[in-house]
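Engineer:
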């Protein structure tokens, strides 16, 4: 069965510091992995995806994610956090349907 | 930039009533989806739709739910007899290809009283 896990409900980081939002996955076959962001009272917005190829995927708003097959992880990263990055972040894996993680609330502290 | 739209933004209904949630996906997209998000919980897949038929559905999508693409632009989710536990935010999404990024609408907040 396909699933994703986001082990942290909440991540706090100071503005300007690097941020990491963790995601691990379980999937049979090659994983299709995604990150989405949700701002208050809004729908989900696509950030980036990994289908195949380079393990480091670059996405919107300066975010990137590193696919690690041996650790079955797909952590979201950004070198320098902005206050405006504060939002809810969802990791997702696509099998026959999309499976979303439980979400990680990111707070960037000015 | 094209976007997915959903109406209404908020729907209040009484238990046992039927509701129809409407979505207009991005015009050239071929795959359509419905998700729900109960307050404070994760986003849950309901159904995917391609080529005028359901391609996948979750265990949540039981007989009280149905989807339809009545014309070339709208994509609807019908809940026949609403229950209190159907109260949630319902998101529509569309994608151009099967493994492509999905574009989400702003959601319809359904409140069942």
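Residue numbers (our numbering), protein chains in the order written: chain D, 1 to 110; chain F, 111 to 223.
All residues carry an ideal CB built from backbone N, CA and C; glycine is no exception.
Should residue 208 of chain F be labelled buried (16 or more other beta-carbon atoms within 10 Å of its own) or exposed?
Structural biologist: Counted from its first residue, the second chain places residue 208 of chain F at position 98. Around the Cβ of residue 208 of chain F, a 10 Å sphere holds fewer than 16 other Cβ atoms; the residue is exposed.
Engineer: When you compare only the Cα positions, how much space is there between residue 9 of chain D and residue 88 of chain D?
Structural biologist: Walking along the first chain from the start, residue 9 of chain D turns up at place 9. Walking along the first chain from the start, residue 88 of chain D turns up at place 88. Approximately 9 Å, taken between the alpha carbons.
Engineer: What in chain F is Cβ-close to residue 97 of chain D, meaning under 7 Å?
Structural biologist: As a working mapping, residue 97 of chain D is identified with position 97 in the first chain. Within chain F, the residues near residue 97 of chain D are 155, 158, 166, 168.
Engineer: Are the CB atoms of residue 46 of chain D and residue 212 of chain F nearer to each other than 8 Å?
Structural biologist: Your numbering for residue 46 of chain D matches position 46 in the first chain. Your numbering for residue 212 of chain F matches position 102 in the second chain. Closer than 8 Å, so yes.
Engineer: Under 9 Å, CB to CB, which of the residues in the segment 29 to 45 of chain D have a partner in chain F?
Structural biologist: 32, 34, 36, 38, 41, 42, 43, 44, 45
Engineer: When you compare the CB of residue 77 of chain D with every CB in chain F, is at least one pair closer than 8 Å?
Structural biologist: Taking the first residue of the first chain as position 1, residue 77 of chain D is located at position 77. So, not an interface residue.
Engineer: Leaving out the 5 sequence neighbours to the left and right, which residues in its chain are closer than 7 Å to residue 102 of chain D when beta-carbon positions are compared?
Structural biologist: Within the first chain, numbered from 1, the residue matching residue 102 of chain D stands at position 102. Within the same chain, residue 102 of chain D has close Cβ partners 6.
Engineer: Count the other CB atoms within 10 Å of the CB of residue 112 of chain F; is the residue buried (16 or more) or exposed (fewer)?
Structural biologist: Along the second chain, read from residue 1 onward, the residue named residue 112 of chain F stands at position 2. It counts as exposed.
Engineer: Taking only beta-carbon positions, decide if residue 121 of chain F is within less than 8 Å of chain D.
Structural biologist: The count along the second chain starts at 1 and reaches residue 121 of chain F at position 11. It does not: the Cβ of residue 121 of chain F has no partner Cβ on chain D nearer than 8 Å.
Engineer: With a CB to CB cut of under 7 Å and the five nearest residues on each side skipped, what residues in its chain are close to residue 217 of chain F?
Structural biologist: Numbered from its first residue, the second chain carries residue 217 of chain F at position 107. Counting only Cβ-Cβ distances below 7 Å, and skipping sequence neighbours, we find 116, 199, 200, 201.
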